[in-house]
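**Q**
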Amino acid sequence: MAVPSIGDRLLLDRRDFPTFLASLHSAGYRIVGPTVRDGAIVYGDIAAETDLPIGWTERQNAGTYRLERRGDEALFGYVVGPHSWKKYLFPSHERLWTAARDGDSFTVTPEPTPERPLAFLGVRACELAALRITDKVFMGGIPDPSYSARRHKILRVAVQCGQAGGTCFCVSMGTGPGVTSDYDLSLTEILSEGRHEFLVAVGTELGASVLASVPTRRATAEDDQVAAAIVSRTAASMGRSMDPTGLRDLLLSQPNHPRWDQVAKRCLSCTNCTMACPTCFCHTTEEVPSLDAEKTERWRRWDSCFNLEFTKLHTTPVRASSSSRYRQWLTHKLGSWHDQFGSSGCVGCGRCITWCPVAIDITEEVAALRVPPASPPAEGGPR
Amino acid sequence: MARRSRLAVWKFASCDGCQLSLLDCEDELLAVADALDIANFREASSAVVDGPYDLSLVEGSITTPEDAARIREVRAQSRTLVTIGACATAGGIQALRNFGSVEEFQRVVYARPDFIATLATSTAIRDHVPVDFELRGCPISKAQLLEVVSAFLTKRAPNVPTESVCVECKRRGNVCVVVARGTPCLGPVTQTGCGALCPAYHRGCYGCFGPMDSPNTDSLIRNMGYLKVPPEEIRRVFRTYNAGAPAFRAAGDSVGGG
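Going line by line, the protein sequences match chains U and P.
Residue numbering for the first sequence is 1 to 383, as defined by the numbering used here.
Residue numbering for the second sequence is 1001 to 1258, as defined by the numbering used here.
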């Protein structure tokens, strides 16, 4: 058995995968990863390898997702589902603190930070890019206590994609499908001609340490080529593409493009795109007082720029039309995000396309916005 | 100590389910009774204290001439009037009569239609008197009811979101039934409050909380067409507990057939 260290490339036999999971458990990790639930591959607790979507894949297109059986027993033979890892670092509902009256004063009790460290199993390249973005959002300035407490405890077991989904466009956004950085371990599932192994790249000491008790052997140059070929094949079969050239300037220069009104005729303002997006971080905080007003709790919950109430200042929404809300989302995501966080807010995972109930496709909208309006837009913008 | 606020609970045309939500509070009921003087709540007690009342919760819709007069008396005795449930806020399931002929129903159903004194429509309370706050749902959510009571006691606006069911559905981690199953669902045009209960059990949303604040029913209807839902069924999904809510009424009317 090899003693792993950073930079090593090792082979892990499929039959030893349970040993790998056991090693993560015995290192104290709660493993979360892909599992089949309610007709989709979602992220949930992985107690044993039988919780993984063995032999499952999915077919994705704008507004549709269907689970399908694969012809093999792949563990990671799917793309990305409706959930993203943000739910573990930035939970959808979260109590931040509790305050109670204490005579003439009051005491504030912060919410205890959780629990066991998490091992993220099966993080895709686009999702690592999303993590880099949410790290900047929540820890770039004054660190968000809850996000950073969770974030500092995770172990990232990445997986290079062996196939592309119908709504994937990570190649356009330069985020995948190959995993190049920000991982503790990176797996490539090799499944061919009776061979079922994982090529494991060791990214950190932490990654090396959890592999120490797992049987592996050194990978050869040939194994590396096989893994590289898998990634190239995936890169060549993206379901969507989006020309990223000059996107920021394009978006910021088109506040009156007629396309905003056209997309608003379809947009439901339901927020599904932003909830499914791995980088959308908007939230609201609310007080939940007890009836006797002796105690109050502050909660944070996911919110969305598509919600009318989210744009309310005093009593009036500043973005009353759904075209102005869609424009806000896209212009921020692909445009002003660069100014705010130094990158695009889109990682090309395709979730907003797949999980839009009316099949609005961000790549199609961007392509339409690239076409200059036929006639000068009416004054006042799309209201 | 200041006088405790007096609470009254009123019933119009309804099934009583929303009033029961108050009794269902169980754990919180003692706190409610501590905070408020429950002065008039016949479902709970026959001991009735005369008005005026600080907070009136009104359940049910207006379906008879007597009730149309009675709601004015209730309003006159109530400092704050909150309507609770789909009947009070949209006319309820009984608003289906608004789409038919009440005379004809009377002839078919009753041996002596001349005994029946009823209006041709079932309408929301706000169509008759000014309403301070409308709490949606069929039935209402107990948590939202407590929030409204709590907001009343501390003189603040209730925190009752008007966004779509989808927001809560996604927060809950449900898999979208429209996208993953092709199941028609009113979630995108319906106000949240139920906790996305039906989609959590793989059913489409039935719209129990009525239209959300900016419902794009046209787009949803087009999409139901893509899902091969026949027009008469699309019409029916909008004509249930909130059939009388303007946005759902218009959506049902906009669909051909049936």
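Virtual Cβ for every residue (Gly too), placed ideally from N, Cα, C.
1) What are the start and end residues of the alpha helix (DSSP H) that includes P/Asp1253?
2) Determine the chain U residues that contact P/Ser1219 at a beta-carbon separation under 8 Å, and present them in chain order.
3) Give the straight-line distance between the Cα atoms of P/Ala1251 and P/Arg1236, rounded to the nearest whole angstrom.
4) Compute the Euclidean distance between the alpha carbons of P/Ile1116 and P/Gln1077, then round it to the nearest angstrom.
5) Just to confirm before moving on: does the CB-CB distance between U/Thr279 and U/Gly345 stay below 8 Å?
6) In whole angstroms, what separates the C-alpha of U/Gly7 from that of U/Gly203?
7) If contacts are defined as beta-carbon pairs under 8 Å, then U/Tyr88 and U/Leu118 qualify, I think. What distance do you get, rounded to the angstrom?
8) Tell whether a beta-carbon distance below 8 Å holds between U/Glu178 and U/Gln160.
9) Could you tell me the distance, in whole angstroms, from the CA atom of U/Tyr43 to the CA atom of U/Glu222?
10) Contact criterion: CB-CB distance below 8 Å. Does P/Val1167 meet it with respect to chain U?
11) Give me the Cα-Cα distance between U/Ser5 and U/Asp249, rounded to the nearest whole angstrom.
12) Can you list, in chain order, the residues of its chain with a C-beta nearer than 8 Å to that of U/Met436? Leave out the 5 residues immediately preceding and following it.
13) Please tell me whether P/Met1001 has its Cβ less than 8 Å away from any Cβ of chain U.
14) In chain order, what residues of the region 1106–1135 of chain P put their CB closer than 7 Å to some CB of chain C?
15) Could you check where the alpha helix (DSSP H) with U/Phe281 kicks off and where it finishes?
16) If we call anything under 8 Å between Cβ atoms a contact, is U/His83 one with U/Arg301?
17) Quick one: is P/Lys1170 buried, meaning 16 or more other Cβ sit within 10 Å of its Cβ, or exposed?
18) Does the beta carbon of U/Lys388 come closer than 8 Å to any beta carbon on chain P?
19) Any idea which residues DSSP pairs P/Ala1008 with across the strands?
20) Report buried or exposed for U/His257, applying the criterion of at least 16 other Cβ atoms within 10 angstroms of its Cβ.
21) Classify U/Ala235 as helix, strand or coil using the three-state DSSP reduction.
22) Roughly how many angstroms separate the alpha carbons of U/Thr311 and U/Asp104, rounded to a whole number?
23) Do you know how far the Cα of U/Leu121 is from the Cα of U/Ala226?
24) Counting only the same chain and skipping the five closest in sequence on each side, list residues whose C-beta sits under 8 Å from that of U/Glu294.
25) Determine the DSSP secondary structure at U/His314, reduced to helix, strand or coil.
26) Might you give, ordered along the chain, the residues of its own chain that have their beta carbon closer than 8 Å to the beta carbon of U/Val3, omitting 5 neighbours on each side?
27) Which of the three DSSP states is assigned to U/Leu118 in this structure?
28) So with CB distances below 7 Å, who are the chain U contacts of P/Cys1176?
29) How is P/Val1175 classed by DSSP in three states: helix, strand or coil?
30) Looking only at C-alpha atoms, which of U/Thr180, U/Ala276, U/Leu185, U/Asp184 sits nearest to U/Val231?
31) What ranges does the alpha helix (DSSP H) occupy inside the region 1091–1125 of chain P, keeping only unbroken runs of at least 4 residues that lie completely in it?
32) With DSSP run on the structure shown, which of helix, strand or coil describes U/Asp72?
33) Can you tell me which of the three DSSP states U/Gly335 falls into?
34) Could you check whether the region 49–68 of chain U touches the region 129–143 of chain U, counting it as contact only if at least three pairs of C-beta atoms, one from each stretch, sit closer than 8 Å?
35) Are the beta-carbon atoms belonging to P/Asn1040 and P/Val1009 less than 8 Å from one another?
36) Could you please give me the residues that DSSP links to U/Ile142 through a beta bridge?
**A** The answer reads as follows:
1) For this step, residue 1253 of chain P is matched to residue 253 along the second sequence. Segment 1246–1254, the alpha helix (DSSP H) holding P/Asp1253.
2) Here the question's residue 1219 of chain P lines up with position 219 in the second sequence. What P/Ser1219 touches in chain U: Lys265, Arg266, Cys267, Leu268, Val358.
3) Here residue 1251 of chain P corresponds to residue number 251 of the second sequence, with the count starting at 1. Here residue 1236 of chain P corresponds to residue number 236 of the second sequence, with the count starting at 1. Whole-angstrom Cα-Cα distance: 10 Å.
4) Along the second sequence, read from residue 1 onward, the residue named residue 1116 of chain P stands at position 116. Along the second sequence, read from residue 1 onward, the residue named residue 1077 of chain P stands at position 77. Approximately 29 Å, taken between the alpha carbons.
5) Counted from its first residue, the first sequence places residue 279 of chain U at position 279. Counted from its first residue, the first sequence places residue 345 of chain U at position 345. Yes. Within cutoff.
6) Residue mapping note: residue 7 of chain U aligns to position 7 of the first sequence, counting from 1. Residue mapping note: residue 203 of chain U aligns to position 203 of the first sequence, counting from 1. C-alpha separation (whole angstroms): 6 Å.
7) For the purposes of this step, residue 88 of chain U is taken as the residue at position 88 of the first sequence. For the purposes of this step, residue 118 of chain U is taken as the residue at position 118 of the first sequence. Rounded, the Cβ-Cβ distance is 6 Å, consistent with contact.
8) Along the first sequence, read from residue 1 onward, the residue named residue 178 of chain U stands at position 178. Along the first sequence, read from residue 1 onward, the residue named residue 160 of chain U stands at position 160. Glu is not the amino acid found at residue 178 of chain U; the sequence shown has Gly there. Yes, they are a contact pair.
9) By one-based count along the first sequence, residue 43 of chain U stands at place 43. By one-based count along the first sequence, residue 222 of chain U stands at place 222. Distance between the alpha carbons of U/Tyr43 and U/Glu222 is about 33 Å.
10) Position 167 of the second sequence, counted from the first residue, corresponds to residue 1167 of chain P. Yes, its Cβ sits closer than 8 Å to a Cβ of chain U.
11) The sequence position of residue 5 of chain U within the first sequence is 5, counting from 1. The sequence position of residue 249 of chain U within the first sequence is 249, counting from 1. Distance between the alpha carbons of U/Ser5 and U/Asp249: 44 Å.
12) Lying before the first or after the last residue shown, residue 436 of chain U is absent from chain U, which here runs from 1 to 383.
13) Along the second sequence, one-based indexing puts residue 1001 of chain P at 1. Low per-residue confidence applies at P/Met1001: pLDDT is 49, beneath 50, and the placement is therefore not dependable, though the value from the model is reported in the following sentence. Taking Cβ atoms only, chain U never reaches closer than 8 Å to P/Met1001, which makes this a no.
14) Absent from the structure: chain C. Protein chains present are U and P.
15) Translated into the one-based positions of the first sequence, residue 281 of chain U becomes position 281. Segment: none, U/Phe281 is in no alpha helix (DSSP H) and carries neither H nor E.
16) Position 83 of the first sequence, counted from the first residue, corresponds to residue 83 of chain U. Position 301 of the first sequence, counted from the first residue, corresponds to residue 301 of chain U. Their beta carbons are not under 8 Å apart, which means U/His83 does not touch U/Arg301 by this criterion.
17) As a first step, residue 1170 of chain P must be located in the second sequence, where it is residue number 170. So P/Lys1170 counts as buried.
18) Chain U is shown only over 1 to 383; residue 388 of chain U falls outside these bounds and no answer can be derived.
19) Position 8 of the second sequence holds residue 1008 of chain P. Looking at the DSSP assignment, P/Ala1008 forms a beta bridge with P/Asn1040, P/Ser1056.
20) Reading the first sequence from its first residue, position 257 is the one you call residue 257 of chain U. Under this definition U/His257 is a buried residue.
21) Taking the first residue of the first sequence as 1, we reach residue 235 of chain U at position 235. Three-state DSSP puts U/Ala235 in a helix.
22) Taking the first sequence and counting its residues from 1, one reaches residue 311 of chain U at position 311. Taking the first sequence and counting its residues from 1, one reaches residue 104 of chain U at position 104. Whole-angstrom Cα-Cα distance: 36 Å.
23) Within the first sequence, residue 226 of chain U is the residue found at index 226, counting from 1. Within the first sequence, residue 121 of chain U is the residue found at index 121, counting from 1. For the record, residue 226 of chain U in the displayed sequence is Val; it is not Ala. Distance between the alpha carbons of U/Val226 and U/Leu121: 22 Å.
24) Position 294 of the first sequence holds residue 294 of chain U. Within the same chain, U/Glu294 has close Cβ partners Ala100, Arg101.
25) One-based indexing of the first sequence puts residue 314 of chain U at position 314. Looking at U/His314 - three-state DSSP - the assignment turns out to be coil, as it is neither helix nor strand.
26) Taking the first sequence and counting its residues from 1, one reaches residue 3 of chain U at position 3. Correct list, in chain order: Ala212.
27) On the first sequence, position 118 is the one that residue 118 of chain U refers to. U/Leu118 falls in the strand class under three-state DSSP.
28) What you label residue 1176 of chain P is simply residue 176 of the second sequence in a count that begins at 1. The contacting residues are Pro82, Asn272, Trp355, Pro357.
29) For this step, residue 1175 of chain P is matched to residue 175 along the second sequence. Reduced to three states, the DSSP call for P/Val1175 is coil.
30) Translated into positions along the first sequence, residue 231 of chain U becomes position 231. Among U/Thr180, U/Ala276, U/Leu185, U/Asp184, the Cα nearest to that of U/Val231 belongs to U/Thr180.
31) 1102–1109
32) Translated into the one-based positions of the first sequence, residue 72 of chain U becomes position 72. In the structure shown, U/Asp72 sits in coil (DSSP, three-state: anything other than H, G, I, E or B).
33) If you number the first sequence from 1, residue 335 of chain U lands on position 335. Correct three-state label for U/Gly335: helix.
34) no
35) On the second sequence, residue 1040 of chain P is found 40 positions in, with the first residue counted as 1. On the second sequence, residue 1009 of chain P is found 9 positions in, with the first residue counted as 1. Yes, the Cβ-Cβ distance between P/Asn1040 and P/Val1009 is below 8 Å.
36) Stepping through the first sequence from its first residue, residue 142 of chain U is reached at position 142. Partner(s): none; U/Ile142 has no beta bridge.
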